[in-house]
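Reading through the structure tokens given below for one structure.
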Amino acid sequence: MKLVIEHINKEFKNAQGKALSVLQEINLTINKEEFVALVGPSGCGKSTLLNLTAGLLEPTSGTIKFTEVESNRQPRMSIVFQETGLFPWRSVEENIAFGLEAEGFPGEKRKKRIAHYIELVGLKGFEKSFPHQLSGGMRQRVGIARALAVEPDVLLMDEPFSALDAQTRTIMQEELVTLWEKTRLTTLYVTHNIQEAVMLADRVVLLSRRPGKVSKILEINIPRSDRDKTEYAEEIAEYIRIIWEHISNDARAALMEVNANE
Ligand SMILES: Nc1ncnc2c1ncn2[C@@H]1O[C@H](COP(=O)(O)OP(=O)(O)OP(=O)(O)O)[C@@H](O)[C@H]1O
Ligand SMILES: [Mg+2]
């Protein structure tokens, strides 16, 4: 199975009815068991692309489809947002149950499935807790477990750790690597944190400032689980440098444009 994004253009209308071009001619294929990070400056259309992929928005033109589907059912997607959007009145296990309930997943199997994902994201012992009793990192784990529990074919994540403090974020990144090695889910991950993209992804896709276009694709050729080892520190730093150089050129060009228009 592959997720194929082809010739995607997206325009929004502003309050005056004027068209704002947000994404232009996006072509991207996400292969089975591939982790792709989407990086770009604020407002370049990252969330828009993710929401288009999830089917929450309609493209102005272009298609997003699955090819080489092995099973006879339509592939499923799950999404994790920056704000987890947990139900405050539901406990951890009830929040995770949500997608399964919506699918009419039978009771006994559901319990087992929920217990499995609670264990996987390290929330054992917190099944009956409510969101307000959890730290930000733990709430994000609930959000991730809820997304995984429906056993999607594709996982979409929109800056899932950006609301967390730096230390928690690093821990969550490491945990996501471990989790990903266990699930190997085809993943599209939005972030504007370059270091995070380099630590997590097989490929990093850079979007230019609005209208977002794919400006560069970088393959990270270091085994994911070794990326925090000191022997790779230099190589990691080099990837980060290349990406930063590319993005900062773009950001500078944007600044010049603003100055020129003044
Ligand atoms: N529903 C909408 N109607 C009109 N304009 C929109 C809508 N959604 C997004 N936009 C505009 O489209 C552009 C891209 O937005 P988007 O949220 O995709 O950016 P982003 O790359 O995710 O930014 P950030 O890094 O800040 O999250 C922005 O200029 C935004 O104002
Ligand atoms: Mg966004």
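Its first residue numbered 145, the sequence shown is counted upward by one per residue in the numbering used here.
Cβ coordinates follow ideal geometry from the N, Cα and C atoms, glycine included.
task = Look at the alpha carbon of Pro-304 and the alpha carbon of Thr-330, and state the distance between them as a whole number of angstroms.
result = Their Cα atoms are separated by approximately 16 Å.
ask   = Does the distance from the C-beta atom of Leu-147 to that of Thr-173 stay below 9 Å?
value = With contacts defined by Cβ atoms closer than 9 Å, Leu-147 and Thr-173 form a contacting pair.
ask   = In its own chain, which residues sit with a C-beta less than 7 Å from the C-beta of Tyr-376, not counting the 5 before and 5 after it?
value = Same-chain partners within the cutoff: Ile-366 and Asp-370.
inquiry  = Below 8 Å, is the gap between the Cβ of Ser-222 and the nearest heavy atom of ligand 2?
reply    = Proximity of the beta carbon of Ser-222 to ligand 2 is not indicated: no heavy atom of the ligand is located closer than 8 Å.
request  = Measure the C-alpha to C-alpha separation of Ser-205 and Lys-256 and round it to an integer number of angstroms.
outcome  = Note on geometry: alpha-carbon atoms of Ser-205 and Lys-256 lie some 42 Å from one another.
message = Do Glu-319 and Val-265 have their beta-carbon atoms positioned less than 9 Å apart in this structure?
response = In this structure, Glu-319 lies closer than 9 Å to Val-265 by Cβ.
message = At a threshold of 8 Å, does Ser-359 count as lining ligand 2 (C-beta to nearest heavy atom)?
response = Within 8 Å of the C-beta of Ser-359 there is not a single heavy atom belonging to ligand 2.
request  = Quick one: residues in its chain with C-beta nearer than 7 Å to the C-beta of Arg-285, no 5 flanking neighbours on either side, listed in chain order?
outcome  = So the list reads Val-265, Gly-266 and Leu-267, once near-sequence residues are dropped.
ask   = Nearest to Pro-219 by CA position, among Arg-254, Lys-176 and Ala-246, is which residue?
value = Of the listed residues, the one whose Cα sits closest to Pro-219 is Lys-176.
key: Ser-352 classed as buried or exposed, judged by whether at least 16 other C-beta atoms fall within 10 angstroms   = When all chains shown are included, Ser-352 counts as buried.
ask   = Taking 8 Å as the cut-off, is the CB of Thr-192 close to at least one heavy atom of ligand 1?
value = Indeed, a heavy atom of ligand 1 lies less than 8 Å from the Cβ.
message = Considering only heavy atoms of ligand 1, does any lie closer than 8 Å to the CB of Glu-401?
response = Glu-401 has its CB no nearer than 8 Å to any heavy atom of ligand 1.
message = Let's test the definition: count the other Cβ atoms within 10 Å of the Cβ of Asp-309 and tell me whether it reaches 16, buried, or not, exposed.
response = Residue environment for Asp-309: exposed (fewer than 16 other C-beta atoms within 10 angstroms of its C-beta).
inquiry  = In whole angstroms, give me the CA-to-CA distance for Trp-324 and Gly-251.
reply    = Distance between the alpha carbons of Trp-324 and Gly-251: 27 Å.
request  = Pull up the distance between the alpha-carbon of Glu-166 and that of Gly-184, whole angstroms please.
outcome  = It is worth fixing the name first, because residue 166 is Val in this sequence and not Glu. Whole-angstrom Cα-Cα distance: 13 Å.
ask   = Which residue's Cα is closest to the Cα of Ser-279: Leu-230, Leu-350 and Val-321?
value = Ranking Leu-230, Leu-350 and Val-321 by Cα distance to Ser-279 puts Leu-230 first.
ask   = What span of residues does the beta strand (DSSP E) with Thr-331 cover, start to end?
value = It spans 330–335 - the beta strand (DSSP E) in which Thr-331 sits, taken as one unbroken run.
ask   = Fully enclosed by the segment 226–303, which alpha helix (DSSP H) runs are 4 residues long or longer?
value = For the segment 226–303, whole alpha helix (DSSP H) runs of length 4 or above, ordered along the chain, are 236–246, 251–264 and 280–293.
request  = State yes or no: is the C-beta of Pro-185 nearer than 8 Å to some heavy atom of ligand 1?
outcome  = At least one heavy atom of ligand 1 is nearer than 8 Å to the Cβ of Pro-185, so yes.
ask   = How many angstroms separate the CA atom of Phe-270 from the CA atom of Thr-314?
value = Computed Cα separation, rounded: 22 Å.
inquiry  = For ligand 2, I want to know if Val-148 counts as a neighbour, meaning its beta carbon is within less than 8 Å of at least one of the ligand's heavy atoms.
reply    = No - ligand 2 has no heavy atom lying nearer than 8 Å to the Cβ of Val-148.
task = For the beta strand (DSSP E) containing Met-221, list its first residue and its last residue.
result = Taken as a continuous stretch (DSSP letters only), the beta strand (DSSP E) holding Met-221 covers 221–224.
query = Straight-line CA distance for His-276 to Glu-169?
reply = Distance between the alpha carbons of His-276 and Glu-169: 42 Å.
query = Can Thr-228 and Arg-283 be called in contact, C-beta distance under 9 Å?
reply = It is a contact, given that the beta carbons lie within the stated cut-off.
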